[in-house]
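Numbers in this note's numbering are just positions in the sequence shown, counted from 1, shifted up by 90.
We treat Cβ as the ideally placed atom computed from N, Cα and C, and that holds for glycine.
Fair warning: this is a prediction, and the values are worked out from it, not measured in the lab.
A short write-up of the structure that comes next.
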Amino acid sequence: MFGNVTYRPFMRLALLVLLAAIAPAHAAEDRLPIFDTHVHYSKEAWIAYGPEAVFEKLDAAGVDWALVSSTPDDGTVALHRHDNRRVVPELRPYHADLHAGNWYRSPEIIPYLEERLKNGIYRGIGEFHLHTTENARTPTMRRVAALAVANDIPLHVHSGAGPVAALFEIEPKLKILWAHAGMVEPADVVADLLDQYENLTAEVSFRAHDIAPGGQLSPAWRDLFNRHANRFMIGTDTYINDRWDAYGSLVAEHRNWLEQLPPKTATAIAHGNAARVFGITAPSQ
Ligand SMILES: [Zn+2]
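See the structure below:
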């Protein structure tokens, strides 16, 4: 009976339906594309992971775009040269003897940033550290903030709430991407700052265990994400090679809590917000 030619289209359809039903629920194509907004490609990583190996890591984790910075900046430039569609470069001030502990008071930083910004590839300045509110108010930092406004690019700031507020006081038109959403700042402090400053966005690298202790999305962070769905982004922070080694699991930690949010909110945080801020056209938009 199945030899009868009229049954073949039906059989073929039935087979396709069957195959679709038994396909893995999380096939690679079904994964939410991720825009990782906290990638470092610093000197230590250059030998362990060449550009091909980096993109293999991103592909395996379903990361389509990366906001990249590095110490020194050459790593960022190399990765961007390798794929200028997926890599969004940020200019990190650290180089030579200038590091997290002294860069914000160094006058040499200004000509360094001005010179490198001339090549036109950078979409942000950072990620950099400001450990105290006072550090955000130095003459150098005032000029860095002015430079960001003049170039219409955000500062990517690793700090508590104090320096963020101080920078907005100095330059109300500034855009800030807040690294780690303040690292140790609780959800209500993050909420207050987002309420207060409309040009503030936050990425949640290093926060997966606060957001979802034991894997379960906390009510406070759920409320925060739903209230400010258009302000949050994903990040991994590959500041040491250990973090590159663990890259897949760092992204998986974020996917776990993203799946516990309404799909529209999850999509915005996974890539939509970063795509909007950094001018990338994402397929789902
Ligand atoms: Zn970092």
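Alpha carbon to alpha carbon, how far is residue i from residue j?
i      : j      : result
Ser295 : Ile324 : 6 Å
His221 : Asn289 : 21 Å
Asp285 : Pro179 : 28 Å
Arg176 : His128 : 13 Å
Ile124 : Glu343 : 12 Å
Val341 : Ile370 : 20 Å
Ala113 : Arg345 : Note that Ala113 has pLDDT 45, beneath the 50 cutoff, so the model's placement of it is unreliable and the number below is only indicative. If you take the alpha carbons of Ala113 and Arg345, they lie about 20 Å apart.
Asn192 : Tyr131 : 21 Å
Gly362 : Ala292 : 13 Å
Ala322 : Ala358 : According to the sequence displayed, residue 322 carries Phe and not Ala. Going from the Cα of Phe322 to the Cα of Ala358 covers about 8 Å.
Trp268 : Val254 : 8 Å
Ser308 : Phe315 : 11 Å
Ile200 : His172 : 28 Å
Leu203 : Pro183 : 7 Å
Ala186 : Lys133 : 12 Å
Arg233 : Asn241 : 12 Å
Ala360 : Leu122 : 7 Å
Glu142 : Glu259 : 42 Å
Arg227 : Gly250 : 14 Å
Thr223 : Glu198 : 21 Å
Val153 : Tyr139 : 16 Å
Thr355 : Trp334 : 27 Å
Asp327 : Leu188 : 20 Å
Pro352 : Arg206 : 41 Å
Ala104 : Ile243 : Residue confidence is low: Ala104 scores 49 on pLDDT, short of 50, so the model does not pin down where it sits. Its coordinate-derived value is still stated next. So the alpha carbons of these two residues sit roughly 53 Å apart.
The beta strand (DSSP E) with residue i in it runs from where to where?
i      : result
Ala292 : Leu290 to Glu293
Phe178 : A small correction: the amino acid at residue 178 is Val; Phe does not occupy that position in the sequence shown. Start and end: Val177 to Pro179.
Leu348 : It is not in any beta strand (DSSP E) - Leu348 instead sits in the alpha helix (DSSP H) that spans Tyr337 to Leu348.
Ile266 : Ile266 to Trp268
Any idea if residue i is buried or exposed, counting beta-carbon neighbours within 10 angstroms, 16 or more meaning buried?
i      : result
Val274 : exposed
Leu237 : buried
Pro303 : exposed
Asp163 : buried
Lys265 : buried
Gly305 : exposed
Glu261 : buried
Ala151 : buried
Val367 : buried
Asp126 : buried
Ser339 : exposed
Arg213 : buried
Ile137 : exposed
Which residues mark the beginning and the end of the alpha helix (DSSP H) in which residue i is found?
i      : result
Pro309 : Pro309 to Arg317
Thr355 : Pro353 to Thr357
Pro162 : Run containing Pro162: none; DSSP gives neither H nor E here.
Arg227 : It is not in any alpha helix (DSSP H) - Arg227 carries neither H nor E in the DSSP assignment.
Ile260 : Ala251 to Ile260
Val279 : Ala277 to Gln286
Arg321 : Counting along the chain, Arg321 falls outside any alpha helix (DSSP H), and DSSP gives it neither H nor E.
Ala364 : Asn363 to Val367
Asp300 : Ala298 to Ile301
On the DSSP bridge list, what partners appear for residue i?
i      : result
Gly216 : His246
Trp155 : Phe125
Ile199 : Paired residues: none, contrary to the question.
His130 : Ser159
Leu47  : No information on residue 47 is available, as it lies outside the stretch 91 to 375 that the chain covers here.
With a cut-off of 8 Å on the beta carbons, I'd call residue i and residue j a contact; round off their distance for me.
i      : j      : result
Gly216 : Leu245 : 6 Å
Ala364 : Leu157 : 7 Å
Ala310 : Trp347 : Going by Cβ atoms, the distance from Ala310 to Trp347 rounds to 12 Å, so no, they are not a contact pair.
Phe218 : His248 : 7 Å
Tyr337 : Lys147 : 5 Å
Tyr194 : Asn174 : With 8 Å as the limit, Tyr194 and Asn174 do not qualify as a contact, their Cβ atoms being about 30 Å apart.
Lys263 : Val280 : 22 Å between Cβ atoms; not a contact.
Taking 7 Å as the line, does the beta carbon of residue i fall inside it for any heavy atom of ligand 3?
i      : result
His130 : Ligand 3 is absent from the structure shown, which contains only ligand 1.
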